[in-house]
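Remember, the numbering used here sits 231 above the position in the sequence shown when you count from 1.
Take a look at the structure below.
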Amino acid sequence: MRAITSFASRAAENALAPYLRYFARSDDEDDFQKNVNDIFSLITGTASNDGAIGSIVGTFVIDNLDFGANNPGEDDCTDEGTLAYTLRDANENEREKIHFCDPAWTRPSLENVDCGSLDPFPSTKMDTFSRIALHEMMHYSSVGPPSSLGEQIKDGVNADNERAYGPDRTHGLIAEEQDDDPFGAVQNADSYAWMALDTYASYKCAADQSDNNWATFFTQNPPDYVPEDDSDSAKV
232 MRAITSFASR
242 AAENALAPYL
252 RYFARSDDED
262 DFQKNVNDIF
272 SLITGTASND
282 GAIGSIVGTF
292 VIDNLDFGAN
302 NPGEDDCTDE
312 GTLAYTLRDA
322 NENEREKIHF
332 CDPAWTRPSL
342 ENVDCGSLDP
352 FPSTKMDTFS
362 RIALHEMMHY
372 SSVGPPSSLG
382 EQIKDGVNAD
392 NERAYGPDRT
402 HGLIAEEQDD
412 DPFGAVQNAD
422 SYAWMALDTY
432 ASYKCAADQS
442 DNNWATFFTQ
452 NPPDYVPEDD
462 SDSAKV
């Protein structure tokens with residue numbers, strides 16, 4: 232997790248291509264890059280030589296029980312397509328916890344991303360369990376609110392009111408020809424998750440990893456999302 236978020240933090244700080252696919256450049260009024268960098272820095276931590284990770288990660292609780300069933304009206308693993316969720320457990324004094332549904336465990340690890348099979352743009356072909364885990368971490372109340380963003384990171388929606396999940400819809404949030412919603416992007420958990428995965432896959436698969444040359448591995452942005460009334464995308 233430290234690797235994926237450290238590359239993401241670097242991309243945000245320098246407004247590299249993987250960052251700009253999912254978030255806007257900072258301007259005189261809004262420091263989007265700082266907000267995104269702060270979020271990833273919470274997960275990455277400050278140690279660099281021992282594989283340590285941000286202390287906040289040690290406060291996250293993973294529950295092996297599908298406790299979402301205790302929260303009427305909330306997603307749980309019985310909902311088709313749900314991969315994971317972060318909720319406050321109504322049966323445990325509203326304690327904030329993460330649960331991974333069985334399908335999430337079928338996703339490959341970062342090390343198993345097959346560079347040769349990837350498209351020239353970020354796609355679900357590079358999806359991993361780490362992306363799902365990072366998405367859920369973003370929802371924790373100890374991540375967004377205390378950062379410079381100052382807000383809870385939720386599951387945002389695109390202009391068609393469908394959840395902004397996946398590389399095409401997260402890119403669509405900030406694409407001028409689609410949603411043009413940079414504020415929605417910084418409040419959307421999957422934007423952080425796919426941006427971080429994009430940076431890691433770019434570095435892992437780039438022929439030239441020197442300086443920031445790795446950031447140009449993907450030569451295209453994700454294709455435009457197709458607006459729809461009912462989304463069949465997996466819920467995380």
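The beta carbon of each residue, even a glycine, is placed where N, CA and C say it ideally should be.
No experiment lies behind these values; they were computed from the predicted model shown.
Beta-carbon proximity list for residue 389, same chain, < 7 Å, skipping 5 on both sides: On the sequence shown, position 158 is the one that residue 389 refers to. So the list reads 395, 400, 403, 404, 410 and 456, once near-sequence residues are dropped.
Three or more C-beta pairs below 8 Å linking the stretch 254–272 and the stretch 410–419: yes
Residue 292 burial status per 10 Å Cβ neighbour count (16 or more: buried): In the sequence shown, residue 292 corresponds to position 61, counting from 1. Exposed is the call here.
Between the CA atoms of residue 434 and residue 448 - distance to the nearest angstrom: Along the sequence shown, read from residue 1 onward, the residue named residue 448 stands at position 217. Along the sequence shown, read from residue 1 onward, the residue named residue 434 stands at position 203. Rounded to the nearest angstrom, the two C-alpha atoms are 8 Å apart.
Terminal residues of the beta strand (DSSP E) in which residue 380 lies: Stepping through the sequence shown from its first residue, residue 380 is reached at position 149. Segment: none, residue 380 is in no beta strand (DSSP E) and carries neither H nor E.
Simplified DSSP assignment, three categories, for residue 330: Translated into positions along the sequence shown, residue 330 becomes position 99. In the structure shown, residue 330 sits in a strand (DSSP, three-state: E or B).
Where the alpha helix (DSSP H) containing residue 275 begins and where it ends: As a position in the sequence shown, residue 275 is number 44, starting the count at 1. Segment 263–275, the alpha helix (DSSP H) holding residue 275.
The stretch 361–379 / the stretch 423–431 touching (three or more Cβ pairs under 8 Å): yes
Identity of the residue in 430, 443, 460 and 467 nearest residue 271 by Cα: The residue labelled residue 271 in the question sits at position 40 within the sequence shown. When only C-alpha atoms are compared, the closest one is 430.
Segments of 4+ residues assigned as alpha helix (DSSP H) that fall wholly inside the stretch 339–392: 360–369
Residue 399 - DSSP class collapsed to helix/strand/coil: Against the sequence shown, residue 399 aligns to sequence position 168. Looking at residue 399 - three-state DSSP - the assignment turns out to be helix.
Three or more C-beta pairs below 8 Å linking the stretch 297–305 and the stretch 315–327: yes
Option in 391, 373 and 454 with minimal Cα separation from residue 290: Numbered from 1 along the sequence shown, position 59 holds the residue referred to as residue 290. Measuring from the Cα of residue 290, the nearest candidate turns out to be 373.
Burial state of residue 326, where buried means 16 or more other Cβ atoms lie within 10 Å: As a working mapping, residue 326 is identified with position 95 in the sequence shown. Exposed, because fewer than 16 other Cβ atoms sit within 10 Å of the Cβ of residue 326.
Beta-carbon gap between residue 266 and residue 240 smaller than 8 Å: For the purposes of this step, residue 266 is taken as residue 35 along the sequence shown, with counting starting at 1. For the purposes of this step, residue 240 is taken as residue 9 along the sequence shown, with counting starting at 1. The answer is no: Cβ separation not under 8 Å.
Straight-line Cα distance separating residue 381 from residue 348: For the purposes of this step, residue 348 is identified with residue 117 of the sequence shown, where counting begins at 1. For the purposes of this step, residue 381 is identified with residue 150 of the sequence shown, where counting begins at 1. So the alpha carbons of these two residues sit roughly 39 Å apart.
Same chain only: Cβ atoms within 6 Å of residue 233, ignoring 5 sequence neighbours per side: Here the question's residue 233 lines up with position 2 in the sequence shown. Hits under 6 Å: 275 and 284.
Status (buried if at least 16 other CB within 10 Å, exposed otherwise) for residue 332: Along the sequence shown, read from residue 1 onward, the residue named residue 332 stands at position 101. It is buried - the Cβ of residue 332 has at least 16 other Cβ atoms within 10 Å.
Which of helix, strand or coil DSSP assigns to residue 250: To locate residue 250, count along the sequence shown from 1; it is residue 19. Reduced to three states, the DSSP call for residue 250 is helix.
Inter-residue CB distance, residue 341 and residue 235 (contact presumed, cutoff 8 Å): Here residue 341 is taken as the residue at index 110 of the sequence shown, counted from 1. Here residue 235 is taken as the residue at index 4 of the sequence shown, counted from 1. So it is a contact: roughly 7 Å between Cβ atoms.
Under 8 Å between C-beta atoms of residue 298 and residue 330: If you number the sequence shown from 1, residue 298 lands on position 67. If you number the sequence shown from 1, residue 330 lands on position 99. For residue 298 and residue 330, yes; Cβs fall inside 8 Å.
Where the alpha helix (DSSP H) through residue 447 begins and ends: Residue mapping note: residue 447 aligns to position 216 of the sequence shown, counting from 1. First-last for residue 447: undefined, no H or E at that position.
Burial state of residue 412 (16 or more Cβ within 10 Å): For this step, residue 412 is matched to residue 181 along the sequence shown. Buried, because 16 or more other Cβ atoms sit within 10 Å of the Cβ of residue 412.
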